[in-house]
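Undergrad: This is the structure, below, for whatever I ask next.
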Amino acid sequence: MDFKEKIRLIQDFPQPGVNFKDITTLLKDGKAFHAAIDQMVEQLKSKEIDLVIGPEARGFVVGTPLAYAMGVGFIPVRKAGKLPGETVETGYSLEYGKDRLAIHKDAIRPGQRVLIVDDLLATGGTVNATLDLVRQLEADVVGAAFVIELTYLHGRAKLPDLDIYTLIQY
Ligand code: HPA
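Residue numbers (the numbering used here): 5 to 174.
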């Protein structure tokens, strides 16, 4: 299936000069959404994975069906202050300012093999923060998977030690 044709491009969102890749048009197409998750599972089948880790909000949308299809657990990474249990946190920079991400301290046991999942790899800021969290919990990070990679933002270059899987590249 040509997944790229399911992505809607929106010029000048959220600001002039940005050509925004909108995945909601892929998600609303049941066959395409199903095939996209299946293809990601296929790409990752040689990996031994214990847990999928997804940052809010779009990391949940891609990470939970992937975890379900692989028959492994899903661990949410959330903005600081949202998770009810004891957490570890990390700071990270966004395009506009800074924020903090958090994960439950007991979410991962040391040495568990985790896959980080999000909808889109841009500059790698969110993945780097998520990596920091799972490393604080002494996870064994087996890779990261994304529906879309914006290669012109060179996120991969900032994640040299990580095996990265992407379905659609721009
Ligand atoms: N689409 C969605 N999210 C994004 C994009 C985009 O084009 N660029 C940075 N984050």
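Backbone N, C-alpha and C define an ideal beta-carbon position, used for all residues, glycine too.
Just so it is clear, the structure is predicted and the values come from calculations on it, not from any experiment.
Indicate the three-state DSSP secondary structure (helix, strand or coil) for GLU153 in the structure shown.
TA: In the sequence shown, residue 153 corresponds to position 149, counting from 1. GLU153 falls in the strand class under three-state DSSP.
Undergrad: Is there a Cβ from chain C that is less than 9 Å from the Cβ of LEU87?
TA: Annotation note: the requested chain C is absent from the structure, which comprises a single protein chain.
Undergrad: Would DSSP call ILE41 helix, strand or coil?
TA: Numbered from 1 along the sequence shown, position 37 holds the residue referred to as residue 41. Three-state result, ILE41: helix.
Undergrad: With distances taken Cα to Cα, identify the nearest neighbour of LYS102 among THR130, VAL92, ARG117, GLY115.
TA: As a working note, residue 102 is residue 98 in the sequence shown. Checking every option, the nearest Cα to that of LYS102 belongs to THR130.
Undergrad: Considering only heavy atoms of the ligand HPA and the C-beta of each residue, which residues fall inside 5 Å, strictly closer?
TA: In chain order, the qualifying residues are PHE24, LYS25, LEU124, ALA126.
Undergrad: Let's see if you can read the secondary structure: which residues bound the beta strand (DSSP E) around GLN173?
TA: Mapped onto the sequence shown, residue 173 falls at position 169. Start and end: 168-173.
Undergrad: Inspect the beta-carbon positions of VAL118 and ASP54 and report whether they are closer than 9 Å.
TA: Numbered from 1 along the sequence shown, position 114 holds the residue referred to as residue 118. Numbered from 1 along the sequence shown, position 50 holds the residue referred to as residue 54. Closer than 9 Å, so yes.
Undergrad: Could you check if ARG62 is buried or exposed, using at least 16 other CB atoms within 10 Å of its CB as the buried criterion?
TA: Looking up residue 62 in the sequence shown gives position 58. Classification for ARG62: buried.
Undergrad: Looking at LEU13 and ASP33, is the spacing between their C-beta atoms short of 9 Å?
TA: Sequence index remark: in the sequence shown, residue 33 carries index 29 (1-based). Sequence index remark: in the sequence shown, residue 13 carries index 9 (1-based). Going by C-beta atoms, ASP33 is not nearer than 9 Å to LEU13.
Undergrad: Ignore the nearest five residues each way along the sequence and tell me which others in PHE64's own chain have a CB closer than 7 Å to its CB.
TA: As a position in the sequence shown, residue 64 is number 60, starting the count at 1. Answer for PHE64: GLY58, PRO80, listed in chain order.
Undergrad: Around the Cβ of GLN116, are there at least 16 other Cβ atoms within 10 angstroms (buried) or fewer (exposed)?
TA: Mapped onto the sequence shown, residue 116 falls at position 112. GLN116 is buried by the Cβ-count criterion.
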